[in-house]
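For reference, the structure is listed below as structure tokens.
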Amino acid sequence: MVVVGNVSHPDVVGDEYRIKTVTNADSPLSVTTDADGGLWLIVGTDSGFEGLTALYYSRISYSFVAESAPATASITGTITYREKIALTPNAVIEVKLIDVSRADAPAVTIAEKIIEEPGQVPVSFEIEYDPADIDERFTYAVQARITESGELAFINDTTYGVITRDSPTHVDMVLVQVNPLEPSTPPDVGGSSLPGWLLFAVATVGAFLIVLGARSLSAAVPKR
174 MVVVGNVSHP
184 DVVGDEYRIK
194 TVTNADSPLS
204 VTTDADGGLW
214 LIVGTDSGFE
224 GLTALYYSRI
234 SYSFVAESAP
244 ATASITGTIT
254 YREKIALTPN
264 AVIEVKLIDV
274 SRADAPAVTI
284 AEKIIEEPGQ
294 VPVSFEIEYD
304 PADIDERFTY
314 AVQARITESG
324 ELAFINDTTY
334 GVITRDSPTH
344 VDMVLVQVNP
354 LEPSTPPDVG
364 GSSLPGWLLF
374 AVATVGAFLI
384 VLGARSLSAA
394 VPKR
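Residue 204 in this note's numbering is what sits at position 31 of the sequence shown, and the numbering runs on without skipping anything.
What follows is the structure in structure tokens.
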């Protein structure tokens with residue numbers, strides 16, 4: 174091993190020592206400090222010598238190259254709906270960034286966000302995505318849905334374009350209810366499966382026919 178540090182020593186000669194440049198992860202590299210707060214770099218050599226050298230360096234040149242984290246971007250927004258309905262603890266919100274460029278093909282999901290137990294609307298969201306997945310020639314949109322106990326309850330019926338074609342990166346989405354409750358029907362009468370109004374009409378017609386029949390029978394009986 175070779176230890177390189179920013180140190181000086183009276184016996185240092187005026188020679189310049191070069192060490193092999195570390196360019197791959199297979200070469201061991203570590204950093205440490207001594208009791209005086211000096212920075213030491215420890216790099217491996219090809220010599221196989223495992224001890225510390227007795228060389229002291231007065232001029233040291235080194236550099237660090239850190240791997241940068243992948244660049245990310247994000248879409249933000251809110252989700253709500255107009256119905257006065259509270260979400261239950263079983264509600265789940267799914268928000269997707271999708272590629273809708275091809276009208277003759279299903280949308281392609283670029284990134285998505287799952288929000289469990291979202292609370293009550295409006296609900297804020299953020300979808301992170303890799304900018305490398307975006308093509309400026311294509312069209313992108315945000316899709317949202319709310320499920321209750323696994324059943325679809327709300328979905329967007331409006332296209333919310335984002336990113337390209339002068340579209341925003343923040344959208345306020347208003348969802349619509351998928352299967353609103355049907356209005357209650359009038360109660361059945363007399364245990365019949367027919368609606369009450371129809372039974373009333375039948376009864377009225379029947380009574381009229383009975384009265385008409387009675388009058389006809391009375392007119393047909395000869396007087397004595």
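Don't be surprised by glycine CBs; every beta carbon is placed ideally from N, CA and C. Since the model is a prediction, treat every value here as computed from it, not as a measurement.
| Asked | Found |
| --- | --- |
| If you compare alpha carbons, which of M346, T261, S340 is closest to R318? | M346 |
| Contact check, G334 vs A314 under 8 angstroms by CB: the rounded distance? | 5 angstroms |
| S148 lies in the beta strand (DSSP E); which residues open and close that run? | Given that the chain is displayed from residue 174 to residue 397, the structure contains no residue 148 and the question cannot be resolved. |
| State yes or no: is the C-beta of Y254 within less than 8 angstroms of the C-beta of L348? | yes |
| Apart from the five residues just before and just after T332, which ones in its own chain have a Cβ nearer than 6 angstroms to its Cβ? | A314 |
| Reducing DSSP to helix, strand and coil, say where D345 ends up. | strand |
| Could you please give the first and the last residue of the uninterrupted beta strand (DSSP E) stretch that includes L270? | 264-272 |
| Which partner residues does R318 have in the DSSP bridge list? | E267, I328 |
| Suppose you measure from the CA of H343 to the CA of S297; what does that come to, to the nearest Å? | 11 angstroms |
| Inspect the beta-carbon positions of E299 and S247 and report whether they are closer than 8 angstroms. | yes |
| Helix, strand or coil for A305 per DSSP? | helix |
| Residues in its own chain within less than 7 angstroms of A284 by CB, not counting five upstream and five downstream? | L270, I300, E301, Y302 |
| Would you mind stating whether T312 and V273 have Cβ atoms separated by less than 8 angstroms? | yes |
| Output the boundary residues of the beta strand (DSSP E) element that contains E285. | 281-289 |
| To which residues of the same chain is T245 closer than 8 angstroms at the C-beta, ignoring the five residues directly before and after it? | E301, Y302, D303, P304 |
| May I ask you to report which of helix, strand or coil DSSP gives Q293? | coil |
| Quick one: residues in its chain with C-beta nearer than 6 angstroms to the C-beta of I288, no 5 flanking neighbours on either side, listed in chain order? | I266 |
| Which one or two residues does DSSP pair with V335 in a beta bridge? | Y313 |
| Rounded to the nearest angstrom, how far is the Cβ of P295 from that of I252, given a contact under 8 angstroms? | 6 angstroms |
| Is S340 helix, strand or coil when you go by DSSP? | coil |
| Could you compute how far the alpha carbon of T337 sits from the alpha carbon of E290? | 32 angstroms |
| Is it right to say A264 is buried, meaning 16 or more other beta carbons lie within 10 angstroms of its own, or is it exposed? | buried |
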